[in-house]
Amino acid sequence: MILDVRNISTVFHLRRADIHAVKDVSFQLFKGETLGIVGESGSGKTVLCQSILGLLPKPPVKTSGHAYFDNTDLLDCDSKKLRQIRGNQISMIFQDPSSAFNPYLRLSEQLIEPLISHGYKSRKNALEKARIILSETKIPQPQKRMYQYPHEFSGGMLQRAMIGMALITNPRIVIADEPTTALDVTVQARILQLMKRLQNQYSLSIIFITHNLGIVAGFCDRVVVMYAGVVLETASTADLFNHTAHPYTKALIKSVPSIDNSKDSLYMIPGMPPDPAARLSGCPFEPRCRYRTDKCLKSENRLRETGKNHFTSCIRVLESELSL
Amino acid sequence: MISTPFLHVKNLTVSYKKGKTVFTAVKNVSLTLEQGKTLGLVGESGCGKTTLGRSILQFHKNDSGQVLLQGNDLSAMNTASLKRYRPLMQMIFQNPYRSLNPRMTVLDILSEPFRIKERISQKDCIQKVSELMLNTGLDPFMMRKFPHEFSGGQRQRIAIARALAADPLLVIADEPVSSLDVSVQAQILNLLREIHEKMNLSMIFISHDLSVVRYISDDIAVMYQGKIVEKGPCDRLFSNPLHPYTKTLLSAIPVADPSKSFYTKIDIENEFNPEETKRGCLYSNRCPFIMDICKEAEPALETVDNNSNHECACHLINSGS
Chain A
5 MILDVRNIST VFHLRRADIH AVKDVSFQLF KGETLGIVGE SGSGKTVLCQ
55 SILGLLPKPP VKTSGHAYFD NTDLLDCDSK KLRQIRGNQI SMIFQDPSSA
105 FNPYLRLSEQ LIEPLISHGY KSRKNALEKA RIILSETKIP QPQKRMYQYP
155 HEFSGGMLQR AMIGMALITN PRIVIADEPT TALDVTVQAR ILQLMKRLQN
205 QYSLSIIFIT HNLGIVAGFC DRVVVMYAGV VLETASTADL FNHTAHPYTK
255 ALIKSVPSID NSKDSLYMIP GMPPDPAARL SGCPFEPRCR YRTDKCLKSE
305 NRLRETGKNH FTSCIRVLES ELSL
Chain B
785 MISTPFLHVK NLTVSYKKGK TVFTAVKNVS LTLEQGKTLG LVGESGCGKT
835 TLGRSILQFH KNDSGQVLLQ GNDLSAMNTA SLKRYRPLMQ MIFQNPYRSL
885 NPRMTVLDIL SEPFRIKERI SQKDCIQKVS ELMLNTGLDP FMMRKFPHEF
935 SGGQRQRIAI ARALAADPLL VIADEPVSSL DVSVQAQILN LLREIHEKMN
985 LSMIFISHDL SVVRYISDDI AVMYQGKIVE KGPCDRLFSN PLHPYTKTLL
1035 SAIPVADPSK SFYTKIDIEN EFNPEETKRG CLYSNRCPFI MDICKEAEPA
1085 LETVDNNSNH ECACHLINSG S
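Protein chains in written order, with the numbering used here: chain A, 5 to 328; chain B, 785 to 1105.
Right, dumping it as structure tokens:
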């Protein structure tokens, strides 16, 4: 196990209300594994990862829980220690490559920044390393392209460069926050293939945040499904799709547009995710769930095992009233 | 054809000029759209699909060719006479976070189209805006709110309502769902389809994702580097895709099935490089089935099957092999 996240809760203390963005989330990440975190926007998946890396401003944010990385609790170490780990052993790939880079700096400066700030002395060696990483991410003519500015690259190319930047310090964990959402389907396919190849080469563990279960199906080993700040289901990818154990997961799978099934029925989940400021009891998906009963609101929303390493919070599935 | 089609784009060429460099974004494109039908326009970013959409609405002047709306050539009109046609053609933009003025309330945004068209009392105005909001699945009580108070899906509903406010005949939707979550995407697609059927609109739906286009289109045109490479009825194009590029687009779609890994079939080395293809087929530098003739001559868009209007521009198909 490389990362052990236990009972993380994140609260934004705002003037108007307390927003409970992440509620009591636990998961483990193993070496060489790809873990998918899936949910709609506002489900807390990005905040969860930012909380682990200490990227949120405190106050107004208050985070509780533990995240053990190599016997270090990331949530309980001082900022100096955290800075040694962040960007060095755990790095991040952001959603929109065109806004994640600094438009005023050449790519080369931004690529070597993680190296320099983690004690790399030789600028010349760092630049050489940047060139190598760019050629590994399949950017043509890296020697020339690395001295260009971000606006001279296409979206797909910039995302490649950002993957290179995340890998340049030889990290053990990469957190990819919707890395392909802003890209075309064909470019997306290429980026995913590249990430898979580099993952094997560097024996990386990847946390892959997305809202599209179609991507998860082909890319991740294990999946955590989040909704309104809580985890509703976790399972291996095969179990999640073949033995789905939560109505929300089922609905997400069905809403992926496909070229195989009937043209006339595009499934949609009715309603909207709950207001994050509201404190809910029972299952948070209850108002939108087509299988809801009275006891869904009364029961405690807690993950329990339904198969080997397969956890769900749906009370009706757990009591075998419902099979999806 | 004896009867005039609703929209007829004839040999349209559009280019951008910067100093001495000329970039031709749309190259000799022809298409027709019948009243009440939807055309899906598919391709990667940079292929010219947005430019084509915008030049149909005369946001860009075209270099050559014609845009005929109900037989009237829009590209030959001056600004004053175009003004009469503007309300008939509306656009839905890609990013609902940028296409709505943050300083206008929903009421202002949605009433502007008919305020421009005619003088209208405040009471009628509110009445009409409420109807629009109800039709697009929004709560009329929220009409005094500002765009930032809405979620992405709701903002796209506002953008759709604004496009409908002028009672258009033609709506061009430029990637209306690509910045939304899959679950919200499904809601917006269903809404567009419902409105389209109810109002008998003609629509051009631009997207890079064939699986999204499929739910809404009657016909599909696939664009590559400014040209249409394959065109045909929706069902036909999915059951029997012919052009290698269409097949690539289809194989890149994520499938919610762990036994199929969609991304491994894509060739990782072949990145789009416009400088290489100056002669012959534009797709030849990426095509896995390249033949000698592909580097020499550019294939023309030819009818493959007379019964179904399926057209394709590929030597592999057109030579009959």
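The beta-carbon is built from N, C-alpha and C at its ideal position, and this holds for glycine as well.
It should be emphasised that the depicted structure is a prediction, and the values quoted were computed from it without experimental measurement.
Check: Inter-stretch contact (C-beta, 8 Å, three-pair minimum) for the stretch 182 to 195 of chain A and the stretch 6 to 25 of chain A; Outcome: no
Check: Beta-carbon spacing of residue 167 of chain A, residue 141 of chain A below 8 Å; Outcome: yes
Check: C-beta neighbour in chain A for residue 1044 of chain B, strict 8 Å; Outcome: yes
Check: Cross-chain neighbours of residue 970 of chain B in chain A, by beta carbon under 7 Å; Outcome: 259, 270, 271, 272
Check: Coil, strand or helix - residue 129 of chain A by DSSP; Outcome: helix
Check: CB contact check: residue 1027 of chain B to chain D, cutoff 8 Å; Outcome: Absent from the structure: chain D. Protein chains present are A and B.
Check: The alpha helix (DSSP H) enclosing residue 300 of chain A, as first and last residue numbers; Outcome: 299 to 302
Check: Within chain B, partners of residue 313 of chain A - CB distance below 9 Å; Outcome: Those do not exist, as residue 313 of chain A stays about 15 Å from chain B at its closest Cβ, beyond 9 Å.
Check: Identity of the residue in B:808, B:866, B:1005 nearest residue 1033 of chain B by Cα; Outcome: B:1005
Check: Where residue 1037 of chain B sits in the DSSP three-state scheme; Outcome: coil
Check: Residue span of the alpha helix (DSSP H) that contains residue 1086 of chain B, given as start and end; Outcome: Element bounds for residue 1086 of chain B: not the alpha helix (DSSP H) but the beta strand (DSSP E), 1086 to 1089.
Check: Within 9 Å of chain A by C-beta, residues of the stretch 1071 to 1083 of chain B in sequence order; Outcome: none
Check: Positions along the stretch 182 to 216 of chain A whose CB lies within less than 9 Å of some CB in chain B; Outcome: 185, 186, 187, 188, 189, 190, 191, 192, 193, 194, 195, 196, 197, 198, 200, 201, 215, 216
Check: Residues that residue 256 of chain A contacts on chain B, provided the C-beta gap is smaller than 9 Å; Outcome: 966, 967, 1040
Check: Beta-carbon proximity of residue 858 of chain B to residue 866 of chain B, cut-off 8 Å; Outcome: yes
Check: Within chain A, the residues that residue 1032 of chain B reaches when beta carbons sit closer than 7 Å; Outcome: 190
Check: Min CB distance residue 846 of chain B to chain A below 8 Å; Outcome: no
Check: Span separating the alpha-carbon of residue 1105 of chain B from that of residue 1031 of chain B; Outcome: Confidence at residue 1105 of chain B is low in this model, with a pLDDT of 47, below 50, so its placement is unreliable and no value can be given for it.
Check: Spatially closest choice to residue 356 of chain A from A:308, A:309, A:292, by CA coordinates; Outcome: Any property of residue 356 of chain A remains undetermined from this structure, which presents chain A solely from 5 to 328.
Check: Presumed contact (8 Å Cβ cut-off) between residue 1035 of chain B and residue 1018 of chain B, rounded CB distance; Outcome: So it is not a contact: roughly 18 Å between Cβ atoms.
Check: For residue 193 of chain A, three-class secondary structure by DSSP; Outcome: helix
Check: Contact the stretch 809 to 820 of chain B vs the stretch 978 to 997 of chain B: 3+ CB pairs below 8 Å; Outcome: yes
Check: Chain B contact for residue 159 of chain A (CB, 8 Å cutoff); Outcome: yes
Check: Contact with chain B by residue 156 of chain A, beta-carbon distance below 8 Å; Outcome: no
Check: Paired residues, beta bridge with residue 800 of chain B - DSSP; Outcome: B:807
Check: Rounded C-alpha distance that separates residue 321 of chain A from residue 24 of chain A; Outcome: 26 Å
Check: Short Cβ contact (8 Å threshold) for residue 174 of chain A with residue 151 of chain A; Outcome: no
Check: Amino acids of chain B, ordered along the chain, whose beta-carbon sits closer than 9 Å to that of residue 245 of chain A; Outcome: 1040, 1041, 1042, 1043
Check: Among A:115, A:131, A:49, A:297, the one whose alpha carbon lies nearest that of residue 179 of chain A; Outcome: A:49
Check: Residue 264 of chain A, buried or exposed, once every other Cβ within 10 Å from all chains shown has been counted against 16; Outcome: exposed
Check: Exposure of residue 254 of chain A, with buried meaning 16 or more beta-carbon neighbours within 10 Å; Outcome: buried
Check: Cβ of residue 44 of chain A within 8 Å of any chain B Cβ; Outcome: yes
Check: Cβ neighbours of residue 260 of chain A in the same chain (closer than 6 Å, five flanking residues each side left out); Outcome: 217, 218
Check: Interface flag, residue 96 of chain A vs chain B, CB-CB below 8 Å; Outcome: no
Check: For residue 86 of chain A and residue 196 of chain A, the rounded distance between their alpha carbons; Outcome: 29 Å
Check: Alpha-carbon spacing of residue 984 of chain B relative to residue 958 of chain B, whole angstroms; Outcome: 19 Å
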